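The structure appears below as structure tokens.
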Amino acid sequence: MKLVSFTLITGLLVANAAAAETLLERGAYLVQGPMACGNCHTPKGPGGPIADMEMGGGFVITTPRFEVHVPNISPGSRVAEWSDAELARAIREGIRPDGTVIRPPMAIELYRHISDADLAAVVAYLRSLPAITQTIPESTYHIPVPASYGPPVGSVPDTPHEVSVQYGGYLVTVAHCMECHTPIGPNGHLYETDLGRGGREFSGPWGASVSSNLTNGVDGLADYSDDEIIDMITIGKRPDGSAMQPPMPYAFLARSTPEDLAAIVMYLRTVPPLPDVN
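Throughout the sequence shown, residue numbering follows this note's numbering, covering 32 to 309 in sequence.
Encoded structure:
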């Protein structure tokens with residue numbers, strides 16, 4: 032499906048949206064909940080994300096691979112000049128209207144799997160936000176910039192919203208969980224061989240944290256109950272009561288519905304076991 036038909040898709044989705052959840056409501060749920068877009072795109076103060084600056088950018092992510100000044104994607108940024116189709120392509124394929132490629136840590140490899148319905152919902156929600164105007168410095172990279180993330184995506188069907196392994200896997204993908212919980216090799220994430228193995232270190236005001244093993248083995252989640260896993264995902268508390276650290280977006284994931292959290296856990300139970308990274 033060509034991107035020029037995106038507005039048609041949006042119209043059809045609006046016309047057929049279930050009464051219980053409009054397109055805008057679905058977009059708000061995804062952006063403010065499982066996708067946790069504001070974990071990077073909303074500037075933070077001492078108490079967390081600044082509410083009246085949603086998607087205003089400016090958060091700095093520093094690793095040995097890059098120093099990223101996260102862009103403003105509110106309607107007060109250059110995104111306002113893009114069509115819905117162009118914004119959709121930037122989110123799902125990592126290509127801006129001028130042809131330049133959006134660079135890491137934007138999880139384009141995973142966002143390529145966002146369904147047409149959810150992509151339309153996300154775009155609709157981003158368009159509804161207040162315009163934030165601020166200048167964001169340029170980012171610095173010490174790694175090659177990808178030429179692309181693959182061929183044009185085309186159409187992605189919706190996954191039934193039910194408590195199932197399939198939908199749990201979809202949510203884990205669009206929530207880009209495995210982006211942080213999978214090791215990186217010389218050529219990128221080791222999704223094919225080390226999915227969910229953890230071991231990546233993240234530095235910030237909290238010090239340093241290491242992503243946990245999410246596989247269904249003894250070094251991962253096998254010995255935790257479903258409720259314990261949900262507590263770790265949503266409130267950052269281990270069964271022994273100890274607190275977990277950022278950058279895990281606990282506050283955003285806590286907005287997930289109980290059904291969606293159950294589906295996520297159901298999927299994580301299927302991730303093949305792997306030992307911790309030594």
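Glycine included, each C-beta is placed from N, C-alpha and C at the ideal position.
Note that the coordinates shown come from a computational prediction; the quantities given were computed from them, not determined experimentally.
query                                                                                                          : result
Straight-line Cα distance separating residue 83 from residue 301                                               : 39 Å
Cβ pair count under 8 Å reaching 3, the segment 280 to 295 against the segment 262 to 270                      : yes
Straight-line gap, residue 73 to residue 105 (C-alpha atoms, nearest Å)                                        : 9 Å
Classification of residue 172 by the beta-carbon crowding that lies within 10 angstroms, buried from 16 upward : exposed
Own chain residues within Cβ distance below 8 Å of residue 209, not counting five before or after              : 141, 203, 220, 222, 226, 227 and 245
Buried versus exposed, by CB contacts within 10 Å (16 or more), residue 129                                    : exposed
Delimiting residues of the alpha helix (DSSP H) encompassing residue 235                                       : Here residue 235 belongs to no alpha helix (DSSP H); instead the beta strand (DSSP E) covers 232 to 235.
Alpha carbon of residue 148 to alpha carbon of residue 99, nearest angstrom                                    : 30 Å
Cβ-Cβ distance between residue 65 and residue 206 below 7 Å                                                    : yes
Status (buried if at least 16 other CB within 10 Å, exposed otherwise) for residue 190                         : buried
Contact under 7 Å by Cβ, residue 134 with residue 176                                                          : yes
Neighbour-count burial assignment, residue 273, 16 or more Cβ in a 10 Å radius                                 : exposed
C-alpha gap between residue 260 and residue 307, whole angstroms                                               : 18 Å
CB contact flag (residue 70, residue 280, <7 Å)                                                                : yes
For residue 254 and residue 248, the rounded distance between their alpha carbons                              : 8 Å
Length of the line joining the Cα atoms of residue 290 and residue 296                                         : 10 Å
Helix, strand or coil at residue 58 according to DSSP, with G and I counted as helix                           : helix
Cutoff 7 Å; reference residue 55; Cβ partners in own chain excluding five residues on either side              : 155, 156 and 159
Alpha-carbon spacing of residue 121 relative to residue 298, whole angstroms                                   : 28 Å
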